[in-house]
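Chemist: Using my numbering, the letters of the sequence shown correspond one by one to residues 331 to 462. Backbone N, C-alpha and C define an ideal beta-carbon position, used for all residues, glycine too. Right, I'll just put the structure down here and ask away after.
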Amino acid sequence: MPDPCPDAIRSLVERYDYHRPAYHRGQYNETQLRREFVDPFFRALEWDVDNRQGLSEAYKEVAHEDPIRIRGQTNFLDYSFRIGGTRKFIVEAKKPSVAIRDDTDSALQLRRYAWNAGLKLSILTNFEEFAV
Numbered sequence: 331m332p333d334p335c336p337d338a339i340r341s342l343v344e345r346y347d348y349h350r351p352a353y354h355r356g357q358y359n360e361t362q363l364r365r366e367f368v369d370p371f372f373r374a375l376e377w378d379v380d381n382r383q384g385l386s387e388a389y390k391e392v393a394h395e396d397p398i399r400i401r402g403q404t405n406f407l408d409y410s411f412r413i414g415g416t417r418k419f420i421v422e423a424k425k426p427s428v429a430i431r432d433d434t435d436s437a438l439q440l441r442r443y444a445w446n447a448g449l450k451l452s453i454l455t456n457f458e459e460f461a462v
């Protein structure tokens, strides 16, 4: 049976695993994680993370720092994945040193964002783990 894991994802996982101790020291930040791991991960799953289709802001497949109003304040979703301009799910990234399994603040933040966006699916990741 063929391996269903794309080579690009396997390569990301191997690179992450090799450098894991350095990432967990806390100096590797969320932006670095997003650019070096999360963006390529979703590219490998064939999401247009970079808007190579040249779509307008309203119709991009993936919106970065997508604004959402919550209790009169504007918050920004790390990733908003859309089809035809409609949000389907969101992803919040945390730096690798954040243990998302135990980080209730991040989980509550994500749930608040998803609830206010009217979404049933949201993902919290530090790349080492993906919590759905």
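#1: List the whole-angstrom C-beta distance separating E422 from S436, where the pair is believed to meet the contact cut-off of C-beta under 8 Å.
#2: What are the residues that DSSP puts in a beta bridge with D378?
#3: Could you tell me the distance, in whole angstroms, from the CA atom of L274 to the CA atom of F406?
#4: With distances taken between CB atoms, is the gap from L438 to S452 smaller than 7 Å?
#5: Quick one: using the 10 Å Cβ neighbour count with 16 as the cut-off for buried, is R364 buried or exposed?
Modeler: Inspection of the coordinates gives the following:
#1: Confirmed, about 7 Å.
#2: In the DSSP output, where bridge partners are listed per residue, D378 has none listed.
#3: Given that the chain is displayed from residue 331 to residue 462, the structure contains no residue 274 and the question cannot be resolved.
#4: S452 is positioned such that its CB atom lies no closer than 7 Å to that of L438.
#5: With 16 or more Cβ atoms within 10 Å of its Cβ, R364 is classed as buried.
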